[in-house]
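Visitor: Got a structure for you, written out below as structure tokens; questions coming shortly.
There are 2 protein chains.
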Amino acid sequence: MPAPKTPLLAVDCVVFDNESRVLMIRRKNAPFKGAYALPGGFVDIGETVEAAARRELREETAVRPGKLTLIGVYSDPRRDPRGHTCSVAFLAKVKRATATAGDDAASVAWVANPRRAKLAFDHHKIVADALRLLKQRG
Amino acid sequence: MPAPKTPLLAVDCVVFDNESRVLMIRRKNAPFKGAYALPGGFVDIGETVEAAARRELREETAVRPGKLTLIGVYSDPRRDPRGHTCSVAFLAKVKRATATAGDDAASVAWVANPRRAKLAFDHHKIVADALRLLKQRG
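For the protein sequence lines, the chains are A and B, in the order given.
Each residue of the first sequence is one higher than the last, beginning at 1 in the numbering used here.
Each residue of the second sequence is one higher than the last, beginning at 1001 in the numbering used here.
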């Protein structure tokens, strides 16, 4: 049997600091060049989604989170204009808001009002779901 | 940029009837031929994970569930001996336990004690997580 073709698999991270600001990158590349986006990227073969989330956070922002909590799975075929990519999103909290831009990120920022910012992809929806989860779990 | 290579994407469904029995199929093919497994399969490009879960349930068991609740994402590279496949697992409840075998399923059963059954892949872990979620949510 030939290997099935399935959507690409990615991760995104919603990291809150102790003032409920969200860690964002400014996208250096298309699509959504210049917009804010959640740190994240493709999952490597041989890597768990949790390991991919930690790796992407480290590479893009130098942030090393503690516990990761699953927010949801975002698989609308239209969410990425480059092709069908399914994203597994995680929530994390950090005490001190330090971060350094790397990799695909032009710059890193802690955004106080992510609902008002121009965000790439379906990241508004992911952030809204993360805020709801944060409220439930505290 | 060439398309990235990522793990294959699949779905699995834990469907409970009103006596907390779990809908299982007997696998007709390797790996784990003859073992019980959760209904599920690969996600098609252009299809959401929720749509894939409903399609696989329909094709394999003729069950049409109502609401789907996310249980978790299972991405250990060793969970499928054929290669790295990440599975998104959903919980559903049905009132009447009717089902008909189709497709990859040799037969369909409502299993009263899934913890004691021989299950394929990491389906013991998925069922344990589903039972925990069912207890929390009622």
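We put the beta carbon where it would ideally sit given N, CA and C, even for glycine.
Go ahead and pull the three-state DSSP assignment for A:Arg21.
Guide: Three-state result, A:Arg21: coil.
Visitor: Tell whether a beta-carbon distance below 8 Å holds between A:Gly41 and A:Ala10.
Guide: yes
Visitor: Using 10 angstroms around the beta-carbon of B:Pro1114, count the other beta-carbons present and answer buried if the total reaches 16, otherwise exposed.
Guide: Under this definition B:Pro1114 is a buried residue.
Visitor: Which two residues bound the contiguous alpha helix (DSSP H) that contains A:Val49?
Guide: 49-61
Visitor: With a threshold of 16 other CB atoms inside 10 Å of the CB of A:Ala120, please say whether the residue is buried or exposed.
Guide: buried
Visitor: Would a check of beta-carbon distances place B:Pro1004 closer than 8 Å to chain A?
Guide: Chain A, which has a Cβ nearer than 8 Å to the Cβ of B:Pro1004, makes this yes.
Visitor: If you draw a straight line from the C-alpha of A:Arg64 to the C-alpha of B:Ala1053, how long is it?
Guide: 34 Å
Visitor: If you pair each beta-carbon of the region 21-28 of chain A with each one of the region 1016-1035 of chain B, do three or more pairs fall below 8 Å?
Guide: no
Visitor: Can you grab the Cα-Cα spacing for the pair B:Ala1097 / A:Thr85, in whole Å?
Guide: Computed Cα separation, rounded: 35 Å.
Visitor: Going by the CB atoms, is the gap between A:Asp122 and A:Asp76 shorter than 8 Å?
Guide: In contact: A:Asp76 and A:Asp122 (Cβ atoms closer than 8 Å).
Visitor: Could you give the residue range of the alpha helix (DSSP H) that holds B:Ile1045?
Guide: Careful: B:Ile1045 lies outside any alpha helix (DSSP H) and carries neither H nor E.
Visitor: Throw me the rounded Cβ distance for the B:Gly1083 and B:Leu1008 pair, which I believe falls under 8 Å.
Guide: 7 Å
Visitor: Could you pull the start and end residues of the alpha helix (DSSP H) that A:Asp12 belongs to?
Guide: Premise fails: A:Asp12 lies in the beta strand (DSSP E), 8-16, not in any alpha helix (DSSP H).
Visitor: Does the beta-carbon distance from A:Val15 to A:Leu70 come in below 8 Å?
Guide: no
Visitor: What does the alpha-carbon distance come out to for the pair A:Arg78 and B:Thr1048?
Guide: The straight-line gap from Cα to Cα measures roughly 10 Å.
Visitor: Out of A:Ala117, A:Ala128, A:Trp110, A:Arg55, which one is the CA nearest neighbour of A:Asp139?
Guide: Look at the range of chain A in this structure, 1 to 138, and you will see that residue 139 of chain A is not part of it.
Visitor: For the region 83-103 of chain A, which residues have a beta carbon sitting closer than 8 Å to at least one beta carbon of chain B?
Guide: Gly83, His84, Cys86, Val88
Visitor: Interface residues of chain B around A:Ser75 at Cβ under 9 Å?
Guide: From the beta-carbon of A:Ser75, the residues of chain B found nearer than 9 Å are Leu1009, Val1043, Glu1047, Thr1048, Val1049, Glu1050, Ala1051, Ala1052, Val1088.
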